[in-house]
Amino acid sequence: MTLVERIDTVELPHTRPPEDTCQLFLVRHGTTTLNVQNRYRGRRDVPLDAQGYQDAVDAARMLSPLGLSAVYTGPLRRTIATAQIIADEARVPDLRILHGLNNVDYGAWEGLTAEEANMYSPEAFAQYRNEPDVAVCPAGERLTDAQARIAQAVDLIGRRHEGETVVAVTHAVMIRLLVLGLTGVTGESWRIPVGRGSLTSLSVTDGRVSLNALPEGTDVD
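Here my numbering is used: the first residue of the sequence shown is 662, the next is one more, and so on.
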């Protein structure tokens, strides 16, 4: 049985979380031209395309009835634009930029397709796909460092917003790394599908993070 089969997809709550718990939804940003081309985006500051704005609108409409207290985002334009649409729909006045939500620094792979990245550095690419605990992007970031960043960001948000429902807009690989840390999956199974504009449901209670539901979608880029 796969990880996707073991954990439900998102079912939105109808009540506020307990007073000691933060209900946190991680949202993947909407589509960009580099997504369409299946190229690693990393820290490249590419904007949403037309479909990306629609992805954000769809996510915003799902989340707005939940009474959001805050909307966090990484520092890149594609996450900020997605977060702003969600915040506007939910009538949250200000975005909060949190650098722990930023994408993996793919270094020399940024702008490349998977095939090109594999040709550039086959050993590093094989580790990226199958051994995230040791993988390092050439001239970029170690995946375990990125994993620690997203875990620290989630912990910070959870402690700030007990009894509240919050959104954090980030990137697919960051969501995968967090899920990896929570579930301990091994090998290539860590690369779960994370659809553009999809939701991942978490609960944070006294520093303990529970994975309630995986994102929907078919994207494993």
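Just so you know, even glycine gets a beta-carbon here, dropped at the ideal spot from N, CA and C.
| Could you give the uninterrupted runs of the alpha helix (DSSP H) lying entirely in the stretch 688–713, keeping only those of 4 residues or more? | For the stretch 688–713, whole alpha helix (DSSP H) runs of length 4 or above, ordered along the chain, are 694–697.
| Nearest to residue 849 by alpha carbon, out of 739, 793 and 767? | For the purposes of this step, residue 849 is taken as the residue at position 188 of the sequence shown. The shortest Cα separation from residue 849 among 739, 793 and 767 belongs to 793.
| request: Can you tell me which of 687, 677 and 681 puts its alpha carbon nearest to the alpha carbon of residue 840? | output: In the sequence shown, residue 840 corresponds to position 179, counting from 1. Looking at the Cα atoms, 687 is the closest of the given residues.
| request: Could you tell me which uninterrupted alpha helix (DSSP H) segments, each at least 4 residues in length, are contained entirely in the stretch 747–834, listed from first to last along the chain? | output: Runs found: 775–781, 783–791 and 804–821.
| request: Check each candidate in 858, 679 and 829 and name the one with the smallest Cα separation from residue 691. | output: Counted from its first residue, the sequence shown places residue 691 at position 30. Ranking the options by Cα distance to residue 691, first place goes to 858.
| request: Under 8 Å Cβ to Cβ from residue 664, same chain only, skipping five residues before and after it: list those, please. | output: Taking the sequence shown and counting its residues from 1, one reaches residue 664 at position 3. Because residue 664 sits at a pLDDT of 48, beneath the cut-off of 50, its placement in the model cannot be relied upon, and the following sentence gives the value as read from the coordinates. In the same chain as residue 664, and ignoring 5 residues on each side of it, the C-beta atoms closer than 8 Å to its own belong to 840, 844, 846, 850, 853 and 875, in chain order.
| query | Looking at the structure shown, is residue 648 part of a helix, part of a strand, or coil, going by DSSP? | reply | For the chain, the structure presents residues 662 to 882; residue 648 sits outside this window and is missing.
| field | First through last residue of the beta strand (DSSP E) which encompasses residue 866 | value | Taking the sequence shown and counting its residues from 1, one reaches residue 866 at position 205. Note, residue 866: beta strand (DSSP E), 860–866.
| task | Kindly indicate which residue of 702, 680 and 822 has the alpha-carbon position closest to the one of residue 773. | result | Translated into the one-based positions of the sequence shown, residue 773 becomes position 112. The residue with the shortest Cα to Cα distance from residue 773 is 702.
| When the Cβ atoms of the stretch 721–739 are set against those of the stretch 751–761, are three or more pairs found closer than 8 Å? | Look at the beta carbons and you see the stretch 721–739 touching the stretch 751–761: at least three pairs across the two are nearer than 8 Å.
| task | Would you be able to state if there are at least three C-beta pairs under 8 Å between the stretch 712–720 and the stretch 778–794? | result | No, because fewer than three Cβ pairs between the stretch 778–794 and the stretch 712–720 fall closer than 8 Å, the two stretches do not touch.
| said: Whole angstroms are fine: how far does the CA of residue 780 sit from the CA of residue 826? | reply: Indexing the sequence shown from 1 puts residue 826 at position 165. Indexing the sequence shown from 1 puts residue 780 at position 119. Taking the straight line joining both Cα atoms gives about 44 Å.
| residue 753 burial status per 10 Å Cβ neighbour count (16 or more: buried) | Along the sequence shown, one-based indexing puts residue 753 at 92. With 16 or more Cβ atoms within 10 Å of its Cβ, residue 753 is classed as buried.
| query | When the cut-off is 9 Å and only beta carbons count, does residue 867 lie next to chain B? | reply | Of the chains in the structure shown, none is chain B; there is only one protein chain.
| What's the C-alpha gap between residue 666 and residue 872? | The residue you call residue 666 lines up with position 5 of the sequence shown. The residue you call residue 872 lines up with position 211 of the sequence shown. Summary for residue 666: the model assigns pLDDT 42, below 50, so the residue's position carries little reliability, and this model does not support an answer.
| query | What first and last residue would you give for the beta strand (DSSP E) that runs through residue 869? | reply | Here the question's residue 869 lines up with position 208 in the sequence shown. Note, residue 869: beta strand (DSSP E), 869–874.
| Taking the alpha-carbon positions, what's the residue 828 to residue 748 distance? | Stepping through the sequence shown from its first residue, residue 828 is reached at position 167. Stepping through the sequence shown from its first residue, residue 748 is reached at position 87. A straight line joining the alpha-carbon of residue 828 with that of residue 748 spans about 9 Å.
| Closest to residue 808 by CA distance: which of 682, 766 and 775 is it? | Start at 1 with the first residue of the sequence shown, and residue 808 comes out as number 147. If we check each option's Cα against that of residue 808, 766 comes out closest.
| task | Enumerate in chain order the residues of its own chain whose CB-to-CB distance from residue 822 is below 7 Å, with the five nearest sequence positions on each side excluded. | result | Locating residue 822 in the sequence shown gives position 161, where the first residue counts as 1. Excluding its 5 nearest sequence neighbours in each direction, residue 822 has C-beta neighbours in its own chain below 7 Å: 683, 730 and 731, listed in chain order.
| Cα separation between residue 755 and residue 802? | The residue labelled residue 755 in the question sits at position 94 within the sequence shown. The residue labelled residue 802 in the question sits at position 141 within the sequence shown. The straight-line gap separating the alpha-carbon atoms of residue 755 and residue 802 is approximately 30 Å.
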